[in-house]
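As numbered in our numbering, residues 1 to 104 make up the sequence shown, in order.
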Amino acid sequence: MHSNHFDNQIDQIANECIAVRLRMLNRVVTNIYDTTLRPLDLKVSQMNILVATAKMGIARPADMCHILNLDVSTLSRNVERMKQRGWLQVVPELDGRAHRSSLL
Numbered sequence: 001m002h003s004n005h006f007d008n009q010i011d012q013i014a015n016e017c018i019a020v021r022l023r024m025l026n027r028v029v030t031n032i033y034d035t036t037l038r039p040l041d042l043k044v045s046q047m048n049i050l051v052a053t054a055k056m057g058i059a060r061p062a063d064m065c066h067i068l069n070l071d072v073s074t075l076s077r078n079v080e081r082m083k084q085r086g087w088l089q090v091v092p093e094l095d096g097r098a099h100r101s102s103l104l
């Protein structure tokens, strides 16, 4: 059983912590976008990648991760899904090491 002091600390964090409130707000906004984009079979996270790719022309993964604050595995997973849907194509670098993305 929690002490009353511990419960008060939890209540204070839940009510006053900006990070907690921002995460909750982010979930609400993301849900609104995802619901709106559902008929297109698109999520807001994927839309961000598509918009950034359109703006950049051909996007290097490292640049995309930096701009969108994504880790490589998240970007790779989303690019792969969008490639399967025919929204993106992957263009190999001349040296064959990295792969860039562009809109189809």
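For glycine and all other residues, C-beta sits at the position ideal for the given N, C-alpha and C.
query: Taking the C-alpha atoms as reference points, what is the distance between Arg85 and Arg21?
result: 35 Å
DSSP state of Leu75 mapped onto helix, strand, coil: Here DSSP, grouped into helix, strand and coil, assigns Leu75 to helix.
task: For the beta strand (DSSP E) holding Pro92, just list the boundary residues, first then last.
output: Leu88 to Pro92
query: Do the CB positions of Ile67 and Ala54 come within less than 8 Å of each other?
result: no
message: From the DSSP secondary-structure annotation, give me the bridge partner or partners of Ile58.
response: Ser102
- request: Taking 8 Å as the threshold, find out whether the stretch 39 to 51 comes into contact with the stretch 11 to 26 through three or more Cβ pairs.
  value: no
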